[in-house]
């Protein structure tokens, strides 16, 4: 597997080396004469110095400068005026000039490199043509020496840039390595929320990603914990009716015909309870796993149907329905129907006979609120926070049920991006409110 670290580091380093190498190569190949004239210590200031000396001190002093340059740098110089006539003797021997003429000025056949430069005096305005002839051994030696400093500087620059590339690469790959470790821990269910705390403190994209990952990890751990707790609760709740069935079957095996006739209703009742419990567990699971697309919900029609069904099933506890007109929103109507139906059934368990159950729906800002109120005894404030958890029943509760109705309603509300609010009504009784957005929010 190719490491992202080495690929990024190699990309930085090769790009820097390529740019630097091409710069030096182009500078030498495309502009070589100018490079020699501007960098060679025997040429870079000779034209200006000679012109000043010639105009201020005369021919002898100017010739002396050329002699000194020849002695020190082995460079022959001729100086011509605008008419092409020599101004001083120069240092180029006549025999060398004759040899150069026979070779037709072809530098490839000559033992020296010929360079020319024109210089205009700022004082007199005269233009001088200076002809330099540098022996190839001298020029090659200067090339080696002149390139040593740029190459040394280039080497230092490459070392510094390599270290910089290393730091940049590490700043990218280290956070990725930490995130990879966190993903691995999350997959092994050993994720610790503080494992990315340092990375989450960064003020860049990795910090934002680490914060989002922490939230996701915390939520996944919470869901995994809830699922495990649900499985434990399901196994516990199923164990009781199964134990009662096993006892009843054992008694039926030993009993006579008359005793068996009395035991059959008990067996049927336990089977019905078991079937109802399994049905509620499956309903809760469907709320979490339903992946259908949201659609337009006609809330008034849906609640009106639920009111009629509730009145038909329990006529001694009439449901009073009050809703604002045109309460439509996008969501999952089946989930809303299950949630409100469970809230109505929960209210019927505790509402005294002859007292109405109030079902209301209204729009509050950009949200819709559905409330179900009964006139029962309510719930102790200490137990309100736990209501809605699967299989939780408040202490002292004697009404039939398995503690899944409110859990189904809460999960349906969270599926829409809303919430279930449970409280005691100020005027007595208990009220449950479904607070839903007009558009379904993110899955919870």
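Numbering (our numbering), first residue to last: 161 to 604.
Glycine residues also receive a C-beta, built at the ideal position from the N, C-alpha and C atoms.
Bear in mind that the values here come from a model prediction, so they are computed numbers and not experimental data.
Under the three-state DSSP convention, the category residue i falls into
i           : result
residue 590 : strand
residue 362 : coil
residue 174 : helix
residue 577 : coil
residue 422 : helix
residue 457 : strand
residue 217 : helix
residue 489 : strand
residue 193 : helix
residue 583 : strand
residue 253 : coil
residue 417 : helix
residue 201 : coil
residue 598 : coil
residue 105 : A question about residue 105 goes unanswered here, because the residues of the chain that appear run from 161 up to 604.
residue 513 : coil
residue 537 : coil
residue 377 : helix
residue 335 : helix
residue 431 : helix
residue 318 : helix
residue 168 : helix
Whether residue i touches residue j by CB criterion (8 Å)
i           : j           : result
residue 496 : residue 547 : no
residue 355 : residue 345 : yes
residue 291 : residue 237 : yes
residue 169 : residue 329 : yes
residue 467 : residue 489 : no
residue 583 : residue 499 : no
residue 503 : residue 532 : yes
residue 459 : residue 507 : no
residue 233 : residue 222 : no
residue 526 : residue 597 : yes
residue 433 : residue 408 : no
residue 342 : residue 373 : yes
Paired residues, beta bridge with residue i - DSSP
i           : result
residue 272 : 295
residue 279 : 288
residue 238 : 291
residue 531 : 520 and 593
residue 480 : 518
residue 246 : 240
Contacting residues, own chain, Cβ-Cβ under 8 Å from residue i (five flanking each side not counted)
i           : result
residue 296 : 271, 272 and 273
residue 523 : 484, 487 and 529
residue 588 : 535 and 538
residue 257 : none
Within-8 Å CB hit, residue i to chain D
i           : result
residue 197 : In summary, chain D is missing from the structure at hand, where a single protein chain is found.
Chain-order list of residues whose beta-carbon lies under 6 Å from that of residue i (same chain, five-residue window excluded)
i           : result
residue 190 : Per-residue confidence for residue 190 stands at a pLDDT of 46, beneath the threshold of 50, marking its modelled position as unreliable; the derived number appears in the next sentence. If we look at residue 190 and ignore the five residues flanking it on each side, it has no Cβ neighbours.
residue 299 : 273
residue 219 : 248
residue 280 : 287
residue 579 : 573 and 595
residue 491 : 454, 457, 576 and 600
residue 172 : 325
Residues of its chain near residue i, where Cβ-Cβ distance is below 7 Å and the 5 sequence neighbours each way are ignored
i           : result
residue 251 : 226, 227, 230, 236 and 237
residue 211 : 279, 281 and 288
residue 380 : 346
residue 209 : 225
residue 510 : 534, 536, 537, 559 and 590
residue 175 : none
residue 124 : Only positions 161 to 604 of the chain appear in this structure, which leaves residue 124 out of reach.
residue 471 : 478 and 479
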